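Below you'll find the structure, written out as structure tokens, and then a few comments.
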Amino acid sequence: MTKIQQINIELTEPLDLTTSLTSGQCFRWRIDSEERWVGVIESRIIRLTQKQNFLKVESLESSNQSMDLEETIYDYFRIGDDLKEVQERIGWDTRVKYGINKFPGMRILRQDPWEVLVSFILSSTSNIPRISRTVELLSSKYGERISLDQSIRYTFPSPELLAEVGEARLRELGCGFRAPYVASAALAVADGKLPLYELRESSYLEAMKHLTGLKGVGDKIADCVMLFSLDKLRAFPNDRWITKALHDWYGFPLRSKYEDSREWSWNRFGDDAGYANQYLFWNIRQSTRPLRSTATI
DNA sequence: TAATAACCTCGCAA
DNA sequence: ATTGCGAGGTTAT
Numbered sequence: 003m004t005k006i007q008q009i010n011i012e013l014t015e016p017l018d019l020t021t022s023l024t025s026g027q028c029f030r031w032r033i034d035s036e037e038r039w040v041g042v043i044e045s046r047i048i049r050l051t052q053k054q055n056f057l058k059v060e061s062l063e064s065s066n067q068s069m070d071l072e073e074t075i076y077d078y079f080r081i082g083d084d085l086k087e088v089q090e091r092i093g094w095d096t097r098v099k100y101g102i103n104k105f106p107g108m109r110i111l112r113q114d115p116w117e118v119l120v121s122f123i124l125s126s127t128s129n130i131p132r133i134s135r136t137v138e139l140l141s142s143k144y145g146e147r148i149s150l151d152q153s154i155r156y157t158f159p160s161p162e163l164l165a166e167v168g169e170a171r172l173r174e175l176g177c178g179f180r181a182p183y184v185a186s187a188a189l190a191v192a193d194g195k196l197p198l199y200e201l202r203e204s205s206y207l208e209a210m211k212h213l214t215g216l217k218g219v220g221d222k223i224a225d226c227v228m229l230f231s232l233d234k235l236r237a238f239p240n241d242r243w244i245t246k247a248l249h250d251w252y253g254f255p256l257r258s259k260y261e262d263s264r265e266w267s268w269n270r271f272g273d274d275a276g277y278a279n280q281y282l283f284w285n286i287r288q289s290t291r292p293l294r295s296t297a298t299i
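Here it is as structure tokens:
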């Protein structure tokens, strides 16, 4: 039985834990009856409770010396990004400002690229409840079980493992027509044809080229992977919600080219396009549909 | 180059 | 309860 480790972090940067974890970037955090968020970062089970600017972090003591618990959290929530600075740079835009005012502590997460790639391949013509369900099924069936007293989570299965699982069983899990896409992505990463983790060092364009080389990954999914896991904060994913926002708020035609919104966002927000996207996205999504009750474990 | 159907299955609304 | 529609896209035609 590994010892439980607990730390308390006093936050010097804005962080709204709940909004950051429920704003469509990730699909595998759950809130328990004690109002604690339970999830997995770097194969470690993590439990988080926020009280104003204090963050209680619980996990198991790790033998991995490379990153201690506090570093892991800082990395995941991109505490190194000076959010107030970002917000000052893009807040001149009225619609972005509106989102900032509503969700001042919403941060872009820095997640595991493989998990994000699979999650967004699965997002194609789907919906958040279904994506969450399938990603959770993948983990509970093929990941490693990890527990922290009462809390139970699963690691996300490696590319090697999912490559071995194969298309047929991915279909059985409910991946649908996305099953061959996940299977071939798993193969590509497992045998090194896609240097997924090295893309953090690559340019936006280079990373885009690699990702869209995969079947089932077009510009939108590639942008999501780049923004939420590959440190490409310029990425401006244009999904149906952003399309609606661009139409309703900025006079874009409803059927415009993907490339046009990318150019527009870069001219307007530069390297902060990704943060601007997130505030626009969550703002229009929240105003169009009320937040669902959150799932409990 | 631009438009359109097909793709799996599930969640949700009626 | 049962049915029918549409869903955070991509590919093939």
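Position 6 (the first sequence) corresponds to 8 in my numbering; numbering is contiguous.
Every residue, glycine too, gets a C-beta built ideally from N, C-alpha and C.
Remember, predicted model here, so these are calculated numbers, not experimental data.
Item, Value
"To the nearest angstrom, how far is the alpha carbon of T214 from that of Q8?", "41 angstroms"
"By alpha-carbon positions, which one of E138, N279, K234 ends up nearest to Y199?", "K234"
"For the putative contact between Y183 and I123, defined by C-beta atoms under 8 angstroms, what is the C-beta separation to the nearest angstrom?", "5 angstroms"
"I need the DSSP call for V40, collapsed to helix, strand or coil.", "strand"
"Please report the residue range of the beta strand (DSSP E) in which T51 lies.", "46–53"
"Is the beta carbon of W116 closer than 9 angstroms to that of F79?", "no"
"Pop quiz: H212 and L196 are said to be a contact at Cβ under 8 angstroms. What is the actual Cβ separation, rounded to whole angstroms?", "6 angstroms"
"Quick check on this structure: which residue in E73, I43, G107, S263 has the alpha carbon closest to the alpha carbon of E87?", "G107"
"Nearest by alpha-carbon distance to E72: which of D84, F56, L85 is it?", "F56"
"Which runs of the alpha helix (DSSP H) at least 4 residues long sit entirely within the segment 163–216? Give them in chain order.", "181–192, 206–214"
"Alpha carbon to alpha carbon, how far is L232 from A224?", "10 angstroms"
"Near C226, which residues of its chain fall below 6 angstroms by C-beta distance, leaving aside the five closest residues on each side in sequence?", "F122, P239"
"For a test of your reading of the model: does the CB of V88 fall under 8 angstroms from any non-hydrogen atom of the ligand SAM? Yes or no.", "In terms of ligand content, the structure shown is empty, and the ligand SAM therefore cannot be addressed."
"What is the DSSP secondary structure of L57, reduced to helix, strand or coil?", "strand"
"Can you give me the C-alpha to C-alpha distance between W31 and L19, rounded to a whole angstrom?", "11 angstroms"
"Just curious, the alpha helix (DSSP H) that Q280 is in, first and last residue?", "275–290"
"Taking the alpha carbon of L282 as the point to measure from, which residue in L23, E208, K99, S263 has its own alpha carbon closest?", "K99"
"What would DSSP say about Q89, mapped onto helix, strand or coil?", "helix"
"In three-state DSSP terms, what is S125?", "coil"
"At the level of alpha carbons, what is the spacing between L111 and I48?", "15 angstroms"
"Is it right to say W94 is buried, meaning 16 or more other beta carbons lie within 10 angstroms of its own, or is it exposed?", "exposed"
"So does the segment 142–155 actually touch the segment 34–47, counting three or more Cβ pairs closer than 8 angstroms?", "yes"
"Exposed or buried, what is Y277 when buried is set at 16 or more other beta-carbons lying within 10 Å of its beta-carbon?", "buried"
"Please name the residue, chosen from D262, T245, W266, that lies closest to L256 on a Cα-to-Cα basis.", "T245"
"Let me check one thing: in DSSP terms, what residues is Y156 bridge-paired to?", "R147"
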